[in-house]
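First up is the structure itself, then whatever we jot down about it.
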Amino acid sequence: MDMSAANRKGLSLFALIMIGLGSIFGSGWLFGAGQAAQVAGPAALVAWVIGAIFIGMIAMTYAEVGAAYPLPGAMARFGSISHGPVLGFITGWAVWIATASLIPIEAIAGTQYMSSWSFGWAKGLVADGHLTGTGIATALLLTFALWLACYWSVELLARANNLLTLVKFAIPVLAVGALIASGFHTDNFTAHGGFAPNGWSAVLTAVTASGVVFAFNGFQAVVNLGGNAKNPGRAIPLALVGALSLGLVIYLALQVAFLGAVPPEKLAEAGGWSGVNFASPFADLAKLLMLHWVVTMLQFGAFISPNGANIGNVASSAYLAQNLAETGFFPKKIAEVHPRYGVARPAMWLNLGFSVLLLLTIGHSWEALASVVSAAMVVSYLMGPIAVGVFRQTKPELPRPFRLPAARILCPITFAFAACALYWSKWPNTGKVTVLTLLSVPIAAIVLRRRGEKDLRKQFAPAWWMAAFLLWLSALSALGSAEFGGHGVIPGGLDIALVGVSALGFYFWAVRAGVQAHRAGLPDPDPVLDGGARPAPGAEDERKAAEPVTVTAA
Numbered sequence: 036m037d038m039s040a041a042n043r044k045g046l047s048l049f050a051l052i053m054i055g056l057g058s059i060f061g062s063g064w065l066f067g068a069g070q071a072a073q074v075a076g077p078a079a080l081v082a083w084v085i086g087a088i089f090i091g092m093i094a095m096t097y098a099e100v101g102a103a104y105p106l107p108g109a110m111a112r113f114g115s116i117s118h119g120p121v122l123g124f125i126t127g128w129a130v131w132i133a134t135a136s137l138i139p140i141e142a143i144a145g146t147q148y149m150s151s152w153s154f155g156w157a158k159g160l161v162a163d164g165h166l167t168g169t170g171i172a173t174a175l176l177l178t179f180a181l182w183l184a185c186y187w188s189v190e191l192l193a194r195a196n197n198l199l200t201l202v203k204f205a206i207p208v209l210a211v212g213a214l215i216a217s218g219f220h221t222d223n224f225t226a227h228g229g230f231a232p233n234g235w236s237a238v239l240t241a242v243t244a245s246g247v248v249f250a251f252n253g254f255q256a257v258v259n260l261g262g263n264a265k266n267p268g269r270a271i272p273l274a275l276v277g278a279l280s281l282g283l284v285i286y287l288a289l290q291v292a293f294l295g296a297v298p299p300e301k302l303a304e305a306g307g308w309s310g311v312n313f314a315s316p317f318a319d320l321a322k323l324l325m326l327h328w329v330v331t332m333l334q335f336g337a338f339i340s341p342n343g344a345n346i347g348n349v350a351s352s353a354y355l356a357q358n359l360a361e362t363g364f365f366p367k368k369i370a371e372v373h374p375r376y377g378v379a380r381p382a383m384w385l386n387l388g389f390s391v392l393l394l395l396t397i398g399h400s401w402e403a404l405a406s407v408v409s410a411a412m413v414v415s416y417l418m419g420p421i422a423v424g425v426f427r428q429t430k431p432e433l434p435r436p437f438r439l440p441a442a443r444i445l446c447p448i449t450f451a452f453a454a455c456a457l458y459w460s461k462w463p464n465t466g467k468v469t470v471l472t473l474l475s476v477p478i479a480a481i482v483l484r485r486r487g488e489k490d491l492r493k494q495f496a497p498a499w500w501m502a503a504f505l506l507w508l509s510a511l512s513a514l515g516s517a518e519f520g521g522h523g524v525i526p527g528g529l530d531i532a533l534v535g536v537s538a539l540g541f542y543f544w545a546v547r548a549g550v551q552a553h554r555a556g557l558p559d560p561d562p563v564l565d566g567g568a569r570p571a572p573g574a575e576d577e578r579k580a581a582e583p584v585t586v587t588a589a
């Protein structure tokens, strides 16, 4: 999806905050509180705070590079600007995988909440916590319907986003008030094992495996679409802070309401929080409490929230696919923009095919897909702090409308935090994401060879740190403590220490590789310092009277 109207006029700060908040309030609020409570009990509240701090640190690194390079789909380009084409493709591939995966997962969320309807056919959409054949068909239909709407009516959906976000914002607020007013049981926070019944390792797991990171991932829409803002340097960091702060407040309120509203007899019957398993958490809880108007409102919200969030997801994933095509690693045709609608339709077809593939293979429930997608999201975050470190050394003259304070300290800490978050996603999710990400390596080699590149060793030199990091982390995950899904060879405590300390080493290796890549002339020409930022797709008509902007693809 291309927001062509926004490209011409410029997104306001309010609109950019609404885009971020709209993406943050997708299906995460529908399932996150219930899933986190099941994993961590009342200590799920701590998981939301940790998740917000982690995403906030990542977002601020992207605020610096995103404001400096206000390009649509920018998260797919930072690697090629800092390290060269190979790492650019690997990181761009990871970002694209993580973002495009959000499209089917939001359709799955809507389908699972439809199963709470009183109609007989709706009850057959989910069985034993997984979509049935009818459920998968319904999710496919929802995915295709939204995709088709974006395909033909981009500007209408872009204008509707602010209204959709306000509605999505109001529904969880009303749900919180209704659940608390129905009867708030403070004993739920200490009974059945205490505040952290499954230990603090479960809290860390909840950050990535229970939808916390997934919920806050909407910040990417601000970075990827922030290049269309009237004043990107000011708008991007302010929109990130605004969207994440509002998101944290509402998610904490939702978690408190869920924990306090579960009837104590239901909690006792389930044997504690681990046994509280609702297919549609808030709707099922409202049914249990006989709050029929809340059930109806939540069922309506289950359509509005995921599908509204998918407006930003479809836009971001299309931009990301376009950028990969413009660097030459995806077919050039994918970057073609429709002259009338301003839509990269080939990119949208690619994303639709990927969505269908996920739905038919691993997308049989929101929980199953969210755990893998969340780990993929963490991989896509790795480039932010590294890009800041590389650009501070190699591009001191780069205009930086926003500068991350204490970057020399915060960037390595942020990278280490990201490594820990990936480890917390548990084995075998770490292994799955490593394999999925490193599929890009042979593709990059084939593309470079077809281009006539003879010195592949030189081209791949700046990217080996990423492959080594993912393989090393997967090995630690497989051998680590059973609390994080490992085989227990490395005891608990020592495993986290190894991840954190080794991540610092990988961070400095990555920054050094970027500096050396610049000395070797491997990165793409700088889109700001070497000729100006590339105009957003769909703005070709306005460029004709201006001096052409040249961006040399790798």
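Just so you know, we're using the numbering used here here: the sequence shown kicks off at 36 and counts up by one. By construction, the Cβ of each residue, glycine as well, lies at the ideal position given by its N, Cα and C atoms. These numbers come from a predicted model, not from an experiment.
> Sorted by chain position, which residues of the same chain lie with C-beta nearer than 7 angstroms to residue 514's C-beta, five sequence neighbours on each side aside?
Replying inline: Mapped onto the sequence shown, residue 514 falls at position 479. Taken in chain order, the residues that qualify are 521, 522, 524, 525.
> Hey, quick one: how far does the alpha helix (DSSP H) through residue 244 stretch, first residue to last?
Replying inline: Counting from 1 along the sequence shown, the entry for residue 244 is found at position 209. From DSSP, the alpha helix (DSSP H) with residue 244 extends over 235-244.
>> Please report the straight-line C-alpha distance between residue 460 and residue 136, rounded to a whole angstrom.
In response: Position 425 of the sequence shown holds residue 460. Position 101 of the sequence shown holds residue 136. Rounded to the nearest angstrom, the two C-alpha atoms are 17 angstroms apart.
> Which one or two residues does DSSP pair with residue 161 in a beta bridge?
Replying inline: Position 126 of the sequence shown, counting from 1, holds the residue named residue 161. Partner(s): 166.
> Can at least three beta-carbon pairs, one atom from the region 422-437 and one from the region 114-129, be found at a separation below 8 angstroms?
Replying inline: yes
> Just to confirm, does residue 248 get its C-beta within under 7 angstroms of one of the non-hydrogen atoms of the ligand FAD?
Replying inline: In terms of ligand content, the structure shown is empty, and the ligand FAD therefore cannot be addressed.
>> Could you compute how far the alpha carbon of residue 351 sits from the alpha carbon of residue 444?
In response: On the sequence shown, residue 351 is found 316 positions in, with the first residue counted as 1. On the sequence shown, residue 444 is found 409 positions in, with the first residue counted as 1. Each residue's alpha carbon lies about 30 angstroms from the other.
> In angstroms, rounded to a whole number, what distance separates the CA positions of residue 568 and residue 109?
Replying inline: Walking along the sequence shown from the start, residue 568 turns up at place 533. Walking along the sequence shown from the start, residue 109 turns up at place 74. Here residue 568 scores only 43 on pLDDT, less than 50, and its place in the model should not be relied on; the value that follows carries that caveat. So the two alpha carbons sit approximately 11 angstroms from each other.
> Exposed or buried, which one is residue 272 when buried takes at least 16 other CB atoms within 10 Å?
Replying inline: Counting from 1 along the sequence shown, the entry for residue 272 is found at position 237. Classification for residue 272: buried.
> For residue 52, which residues from the same chain have a beta carbon less than 7 angstroms from its beta carbon, with the 5 sequence-adjacent residues on both sides left out?
Replying inline: For the purposes of this step, residue 52 is taken as the residue at position 17 of the sequence shown. Taken in chain order, the residues that qualify are 274, 277, 278.
>> So, for residue 491: in the same chain, excluding its five sequence neighbours on each side, which residues have a beta-carbon less than 8 angstroms away from its beta-carbon?
In response: For the purposes of this step, residue 491 is taken as the residue at position 456 of the sequence shown. Result list for residue 491: 480, 483, 484, in chain order.
> Thinking C-alpha only, which one of 91, 83, 127, 85 is nearest residue 474?
Replying inline: For the purposes of this step, residue 474 is taken as residue 439 along the sequence shown, with counting starting at 1. Checked all of 91, 83, 127, 85; the closest Cα to residue 474 is 127.
>> Tell me which residue opens and which closes the alpha helix (DSSP H) that residue 247 is part of.
In response: On the sequence shown, residue 247 is found 212 positions in, with the first residue counted as 1. Counting along the chain, the alpha helix (DSSP H) containing residue 247 begins and ends at 247-251.
>> Just verifying my parser: in three-state terms, what is the DSSP assignment at residue 305?
In response: Counted from its first residue, the sequence shown places residue 305 at position 270. The answer is coil: DSSP assigns residue 305 none of H, G, I, E or B.
> Taking Cβ positions, are residue 401 and residue 72 nearer each other than 8 angstroms?
Replying inline: As a first step, residue 401 is located in the sequence shown; it is residue number 366 there, counting from the start. As a first step, residue 72 is located in the sequence shown; it is residue number 37 there, counting from the start. No, these two residues do not count as a Cβ contact at 8 angstroms.
> If you drop the 5 nearest sequence neighbours on each side, which residues of the same chain put their C-beta closer than 6 angstroms to that of residue 208?
Replying inline: Here residue 208 is taken as the residue at index 173 of the sequence shown, counted from 1. There are no such residues.
> Taking one C-beta from the region 229-246 and one from the region 311-319 each time, how about it: are there three or more such pairs within less than 8 angstroms?
Replying inline: no
>> Less than 8 angstroms between the beta carbons of residue 133 and residue 379, yes or no?
In response: Counted from its first residue, the sequence shown places residue 133 at position 98. Counted from its first residue, the sequence shown places residue 379 at position 344. No, the Cβ-Cβ distance between residue 133 and residue 379 is not below 8 angstroms.
> Between the C-alpha atoms of residue 163 and residue 169, what's the straight-line distance to the nearest angstrom?
Replying inline: Residue 163 sits at position 128 when you count from the first residue of the sequence shown. Residue 169 sits at position 134 when you count from the first residue of the sequence shown. Looking at the two C-alpha atoms, the distance is approximately 14 angstroms.
> Among the residues of its own chain, which have a CB less than 6 angstroms from the CB of residue 549, if the five just before and after it don't count?
Replying inline: What you label residue 549 is simply residue 514 of the sequence shown in a count that begins at 1. These residues qualify, in order along the chain: 117, 118, 425.
>> Let me check understanding here. Comparing Cα to Cα, which of 145, 558, 210, 464 lies closest to residue 430?
In response: The residue you call residue 430 lines up with position 395 of the sequence shown. Closest by alpha carbon: 558.
> Any beta-carbon of chain C closer than 8 angstroms to the one on residue 154?
Replying inline: Reference to chain C is not applicable here, since this structure consists of a single protein chain.
>> For residue 219 and residue 295, I'd like the C-alpha separation in whole angstroms.
In response: The residue given as residue 219 occupies position 184 in the sequence shown. The residue given as residue 295 occupies position 260 in the sequence shown. Distance between the alpha carbons of residue 219 and residue 295 is about 5 angstroms.
> Apart from the five residues on each side of it in sequence, which residues of its chain come closer than 6 angstroms, Cβ to Cβ, to residue 451?
Replying inline: What you label residue 451 is simply residue 416 of the sequence shown in a count that begins at 1. Same-chain partners within the cutoff: 535, 538, 539.
> Using the C-alpha atoms, what's the distance from residue 391 back to residue 105?
Replying inline: Looking up residue 105 in the sequence shown gives position 70. Looking up residue 391 in the sequence shown gives position 356. C-alpha separation (whole angstroms): 31 angstroms.
> On the premise that residue 465 lies in contact with residue 19, defined as a C-beta separation below 8 angstroms, what is that separation, rounded to the nearest angstrom?
Replying inline: With the chain running from 36 to 589 in the structure shown, residue 19 is simply not present.
> With a Cβ-Cβ cutoff of 8 angstroms, do residue 437 and residue 98 count as a contact?
Replying inline: On the sequence shown, residue 437 is found 402 positions in, with the first residue counted as 1. On the sequence shown, residue 98 is found 63 positions in, with the first residue counted as 1. In this structure, residue 98 lies closer than 8 angstroms to residue 437 by Cβ.
>> Contact defined as beta carbons within less than 8 angstroms: I believe residue 298 pairs with residue 323. What is the distance between those atoms, to the nearest angstrom?
In response: Counting from 1 along the sequence shown, the entry for residue 298 is found at position 263. Counting from 1 along the sequence shown, the entry for residue 323 is found at position 288. At roughly 7 angstroms, the Cβ-Cβ gap stays under 8 angstroms, so residue 298 and residue 323 are in contact.
> Which word fits residue 284, buried or exposed, when buried means at least 16 other C-beta atoms lie within 10 angstroms of its C-beta?
Replying inline: Within the sequence shown, residue 284 is the residue found at index 249, counting from 1. Exposed.
> Taking the C-alpha atoms as reference points, what is the distance between residue 407 and residue 467?
Replying inline: Residue 407 sits at position 372 when you count from the first residue of the sequence shown. Residue 467 sits at position 432 when you count from the first residue of the sequence shown. Going by the C-alpha atoms only, they are around 8 angstroms apart.
> According to the neighbour-count rule (16 or more other Cβ atoms, all chains shown, within 10 Å of its Cβ), is residue 530 buried or exposed?
Replying inline: As a position in the sequence shown, residue 530 is number 495, starting the count at 1. When all chains shown are included, residue 530 counts as buried.
> Can you check whether the CB of residue 291 is closer than 8 angstroms to the CB of residue 90?
Replying inline: Taking the sequence shown and counting its residues from 1, one reaches residue 90 at position 55. Taking the sequence shown and counting its residues from 1, one reaches residue 291 at position 256. No. Outside cutoff.
> Near residue 449, what residues of its chain come up, given a Cβ to Cβ distance below 7 angstroms and the 5 sequence neighbours on each side ignored?
Replying inline: Position 414 of the sequence shown holds residue 449. Cβ within range, chain order: 92, 93, 96, 420.
> For residue 332, which residues from the same chain have a beta carbon less than 8 angstroms from its beta carbon, with the 5 sequence-adjacent residues on both sides left out?
Replying inline: Sequence index remark: in the sequence shown, residue 332 carries index 297 (1-based). Correct list, in chain order: 206, 209, 210.
> Straight-line CA distance for residue 67 to residue 552?
Replying inline: Translated into the one-based positions of the sequence shown, residue 67 becomes position 32. Translated into the one-based positions of the sequence shown, residue 552 becomes position 517. For residue 67 and residue 552, the distance between alpha carbons rounds to 41 angstroms.
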